[in-house]
Each structure stands twice: as C-alpha cells, then as structure tokens.
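Residues in the sequence shown are numbered from 12 upward in steps of one, following this note's numbering. Quick reminder that beta carbons are idealized off the backbone N, C-alpha and C, glycines included. Reading through the structure tokens given below for one structure.
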Amino acid sequence: MERFTSANETEGGLEGVFIDRFLGGMYGAVTNDKFEFWGEGVGMGTNAGAKILTGDNSKFLIAEGEWGRVIGEMGLVLGIIVILIRGGVVLELFRKAWDSIRMNNTLPWMLLSFGMIIILQGPWAQPTTLGFGILIGGLIYASIEKDH
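Next comes the structure, spelled out in structure tokens:
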C-alpha cells in the first residue's frame, strides 16, 4: 500500500495520473501539429514498421501513445473515426453491462471494469494487447444476457 500511495503522490495525485496520463495522451494526440493530415502510413507506428523502415525497433517513429499512433498513421480524419468507433463500442458495452445488472447479471460489469481501458486506449500495435482487447470485448458481449 505504501508503494501505491507514494507512486500516486509522485505522479501528482489524481490530477497527475488521470489528467496527464489518460486524458493528456488523448488531447495531445489530437492537437499534435507534427502529424501529417493524411497520415504517415498504417503500420509505421508499430515495432515491426520501425524495424523495416529504419532497421532499429527501439524507438517510436510516430507516437508512444495509442491515440497518437492511430492519428499519426491514418491521419486526422480517419484516426478520429477509428477512435470514435472504439469509443462507441465502449459506450455500447457500458450501457448493456449496466442494463444487465438489473437482470442480476454482474459478470459483464466486472469484465468491463478492466476491458474498457484496453478497448478504448489499449496499444493495439502490439499483437498480444490487440488479442486481449478483442478477447475481452467478445467475452463482455457473450456475457450479456438477451432479453427474453
């Protein structure tokens, strides 16, 4: 508990952790003027793309954060559309999981507690994280009971 508390204080508390890390990455991706309007090319922000293009996969060619990578690869218009689709999926899952609580089915809500971050802002350039995002999304959809 001491480590958690001291790490939280070092990062600046709720404002530092939530505002800077979560919302700051989202805001920075949209307002970054280094990105080309039409994007750099799909795959360029991945480790494999960096290795193919430069011979070194130890650096990020576009952005370290997921939303910055998506907008940097696809451009502002398509990047925002992909982000909105991911946000729409999370909102739909949130609504259905909330409704399923009334039917005494809490499993979707528990799965959504960690799945919504992976679906919304998970670094999908890395195949394992992409697989976990798809898997948890499918499990949440499967755990939602249909109205009879």
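Checklist entry - Excluding sequence positions up to five away, which residues of its chain have a Cβ less than 7 Å from the Cβ of residue 17? => result none
Next on the checklist: Using the Cβ count rule (16 or more neighbours within 10 Å means buried), how would you classify residue 119?
Outcome noted: buried
Checklist entry - Considering only the beta carbon of each residue, do residue 77 and residue 138 sit closer than 8 Å? => result no
Checklist entry - To the nearest angstrom, how far is it from the Cα of residue 163 to the Cα of residue 144? => result The structure shown has nothing for residue 163, since the chain only spans 12 to 159.
Item to check | For residue 97, the nearest candidate out of 129, 57 and 109 (CA to CA) | outcome: Comparing Cα-Cα distances from residue 97 to each of 129, 57 and 109, the minimum goes to 129.
Next on the checklist: For a test of the three-state rule: what should DSSP assign to residue 67, helix, strand or coil?
Outcome noted: coil
Checklist entry - When you compare each of 107, 14 and 82 to residue 95 by their alpha carbons, which one comes out closest? => result 82
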